[in-house]
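2 protein chains.
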Amino acid sequence: MRRPIRAPPVIVTDTSAVYHDCMSEPTFVLVRPQMGENIGGAARAMWNFGLSRMRLVDPRDGWPNPRATAMASGAGRVLDNVGVFGTTAEAVADAHYVFATTARDRDLTKQVMTPERAVAHARDIIAEGQRVAVLFGPERAGLENKDIVRANAIISVPVNPDFASLNLAQCVLLLAYEWRRLTGEAVPEELVLAGTRRAEAREVEKLAERADVALDEAGFFFPEHKAPHMRQNLRNLWSRMPLTRSDVQILHGMIKALRRRRG
Amino acid sequence: MRRPIRAPPVIVTDTSAVYHDCMSEPTFVLVRPQMGENIGGAARAMWNFGLSRMRLVDPRDGWPNPRATAMASGAGRVLDNVGVFGTTAEAVADAHYVFATTARDRDLTKQVMTPERAVAHARDIIAEGQRVAVLFGPERAGLENKDIVRANAIISVPVNPDFASLNLAQCVLLLAYEWRRLTGEAVPEELVLAGTRRAEAREVEKLAERADVALDEAGFFFPEHKAPHMRQNLRNLWSRMPLTRSDVQILHGMIKALRRRRG
Chain U
2 MRRPIRAPPV
12 IVTDTSAVYH
22 DCMSEPTFVL
32 VRPQMGENIG
42 GAARAMWNFG
52 LSRMRLVDPR
62 DGWPNPRATA
72 MASGAGRVLD
82 NVGVFGTTAE
92 AVADAHYVFA
102 TTARDRDLTK
112 QVMTPERAVA
122 HARDIIAEGQ
132 RVAVLFGPER
142 AGLENKDIVR
152 ANAIISVPVN
162 PDFASLNLAQ
172 CVLLLAYEWR
182 RLTGEAVPEE
192 LVLAGTRRAE
202 AREVEKLAER
212 ADVALDEAGF
222 FFPEHKAPHM
232 RQNLRNLWSR
242 MPLTRSDVQI
252 LHGMIKALRR
262 RRG
Chain B
2 MRRPIRAPPV
12 IVTDTSAVYH
22 DCMSEPTFVL
32 VRPQMGENIG
42 GAARAMWNFG
52 LSRMRLVDPR
62 DGWPNPRATA
72 MASGAGRVLD
82 NVGVFGTTAE
92 AVADAHYVFA
102 TTARDRDLTK
112 QVMTPERAVA
122 HARDIIAEGQ
132 RVAVLFGPER
142 AGLENKDIVR
152 ANAIISVPVN
162 PDFASLNLAQ
172 CVLLLAYEWR
182 RLTGEAVPEE
192 LVLAGTRRAE
202 AREVEKLAER
212 ADVALDEAGF
222 FFPEHKAPHM
232 RQNLRNLWSR
242 MPLTRSDVQI
252 LHGMIKALRR
262 RRG
């Protein structure tokens, strides 16, 4: 085993308190990771969703690993606090519940959950104040039975049976994403208003009236027996659109400009 | 623009009918993709979750692209059927609803949804028989306003505000994953039984009785005033465990072997 080269320390800026409560998130354990770049990629995947508790089991190239650090880049905080262990058993010793992520069928009896189900379960366990570990295997081989027997349950991502090719960082990403989706604050559907606000109903009404008058004068509601229906449809159109005040002003301006041109 | 080199045809094996109903999935549109490897990576990400409708807008290196094909590898079917367009407007012309994926705040008024919300909406639209397109921008720059104005809504992945570093394939992966999660068949939580079955209650009862007798004889239920409680806890333990028939047989064997040793 190569002698690890000590990497320069990464400066950590504490910017987000919610991500520092170590007891309130699962620990992601990379078992026998091979390439440093993949460890760094996994760190990036985790930190995209605010997870930062990582452990390594018997990394091939030792630790620290400059390639991992370089790849992690802005996610270096994950590597700064990484725990390194010789065996899977040691790495999960303090966990109250262990998941093993694997795509392949095994000759082992085991409970198998989707990421969604597993994360919901993990959330419940962590809410009780207990610790959860999630095992990820080396890219080529995946986890071995000697690792999986130490897990309470398996997480299997429901991939295309004809093409299951998630790499380590992608697997970590999906689990981290699910964690944040299920435990993060609900994100309300948002209308981003760039320098304006939603139009009030009276503003829409005024626009509708103006359009109605202008189009009537232009002979738009023709033939006459269709006019009431056309006018109703148009009035309905305005209210169905998520108009901002800015939109209303633009539409007023359009009507005005078009009328001028006709005149 | 470099003249595209025609790549050798990729042989497609039709292995899964559910993934061939082109009307029943969204189209993923890569806008001005730069590196062929990233196009191939996006194809892999999609095909992991059974999505295969891809379009390209003005790919930097033209099309076909051998690097894309090489990276796509087993997901080559996605690239075989890719549509290539000169502009975003052309690429989405036949869509009934267009999403733009972007992480950055923009100076545009727009509805913003999480991937989950967006996919639920996409599912509804597709269920009506209408087409959905999802735009992904080039890795460094992301989508430009000229692309986003052509979308009905924005999809924003709720990443860590201090570290948003999803690459193109990861973004595509998350959307593909959400599509499959929300529209795929519900995956029942599964107990994989490797050559056995769940134990019947009578088999567990028999094991419990045997253990009770063996432990009683060994003086385990001591002191006497604690015995009923201990026996009840032990009886409860057996039923709380998800024992298979195989487990029960093993435990019977253990009890027998330990008694022999004592005798």
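Protein chains in written order, with my numbering: chain U, 2 to 264; chain B, 2 to 264. Even for Gly, the Cβ is constructed at its ideal location relative to N, Cα and C. As the structure is a prediction and not an experimental result, all values here were calculated from the model.
Query	Result
Residue span of the alpha helix (DSSP H) that contains U:Lys227, given as start and end	Run containing U:Lys227: none; DSSP gives neither H nor E here.
B:Thr184 - containing alpha helix (DSSP H), residue span	169 to 184
Whole-Å CB distance - U:Ala134 paired with U:Val58, under 8 Å assumed	Actually they are not in contact, since the Cβ atoms of U:Ala134 and U:Val58 sit about 11 Å apart, beyond 8 Å.
Residue-chain proximity (B:Asp108, chain U), Cβ-Cβ < 9 Å	yes
Inside the region 10 to 87 of chain U only - beta strand (DSSP E) runs reaching at least 3 residues	28 to 32, 55 to 58, 84 to 86
Neighbour-count burial assignment, B:Met47, 16 or more Cβ in a 10 Å radius	buried
Cβ pair U:Val160, B:Phe221 closer than 9 Å	no
Exposed unless 16 or more other CB atoms sit within 10 angstroms - verdict on B:Cys23	Summary for B:Cys23: the model assigns pLDDT 47, below 50, so the residue's position carries little reliability, and this model does not support an answer.
Between the CA atoms of B:Glu191 and U:Asp148 - distance to the nearest angstrom	20 Å
Backbone CA spacing between B:Leu259 and B:Ser240 [nearest angstrom]	22 Å
7 Å Cβ shell around U:Thr197 - same chain, five flanking residues per side excluded	Thr245, Arg246, Ser247
Best match in U:Ile156, U:Thr103, U:Ile251 for proximity to U:Val205 [C-alpha to C-alpha]	U:Ile251
Three-state secondary structure assigned by DSSP to B:Ala134	strand
9 Å Cβ cutoff met for B:Val32 and B:Ala104	no
Chain B contacts from the region 70 to 94 of chain U (Cβ-Cβ distance under 7 Å)	Gly75, Ala76
Residue-chain proximity (U:Ile155, chain B), Cβ-Cβ < 9 Å	yes
Supposed close pair B:Asn153, B:Val99 - CB separation, criterion 8 Å	5 Å
B:Val214, buried or exposed, once every other Cβ within 10 Å from all chains shown has been counted against 16	exposed
Residue of B:Pro65, B:Thr70, B:Leu136, B:Ile126 minimising C-alpha distance to B:Thr88	B:Leu136
Start and end residues, beta strand (DSSP E) containing B:Val193	191 to 193
Separation of U:Gln112 from B:Asp108, as counted between CA atoms	48 Å
Start-to-end residues for the alpha helix (DSSP H) that takes in B:Val93	89 to 93
Ranges of the alpha helix (DSSP H) found wholly within the region 97 to 156 of chain B, counting only runs of at least 4	116 to 128, 146 to 149
Test: B:Val188 CB closer than 9 Å to a CB of chain U	yes
Member of B:Glu117, B:Leu167, B:Thr115 whose CA lies at the smallest distance from the CA of B:Gly1	Residue 1 of chain B is absent from the structure shown; chain B starts at 2 and stops at 264.
Which listed residue (U:His122, U:Ala123, U:Gln131, U:Ala165) has its alpha carbon closest to that of U:Gly143	U:Ala165
Distance between U:Lys207 and B:Ala76 (C-alpha atoms, nearest Å)	55 Å
Residue-chain proximity (B:Tyr98, chain U), Cβ-Cβ < 9 Å	no
Which listed residue (U:Thr28, U:Pro60, U:Ala177, U:Trp64) has its alpha carbon closest to that of U:Glu93	As written in the sequence, residue 93 of chain U is Val, which differs from the Glu given in the question. Among U:Thr28, U:Pro60, U:Ala177, U:Trp64, the Cα nearest to that of U:Val93 belongs to U:Thr28.
CB-CB length for U:Cys172 against U:Thr115, believed under 8 Å	In fact, because the Cβ distance is near 13 Å, the residues do not count as touching under 8 Å.
Cutoff 9 Å: U:Ser345 Cβ touching any chain B Cβ	No answer is possible for residue 345 of chain U: it lies beyond the span of chain U, which begins at 2 and ends at 264.
Backbone secondary structure at U:Arg198 - three-state DSSP	coil
Contacts that U:Ala165 makes with chain B (C-beta to C-beta distance below 9 Å)	Asn49
Burial state of U:Gly254 (16 or more Cβ within 10 Å)	exposed
Under 9 Å (Cβ pairs) to chain B, residues found in the region 189 to 202 of chain U	Glu190, Glu191, Leu192, Val193, Leu194, Ala195, Gly196, Thr197
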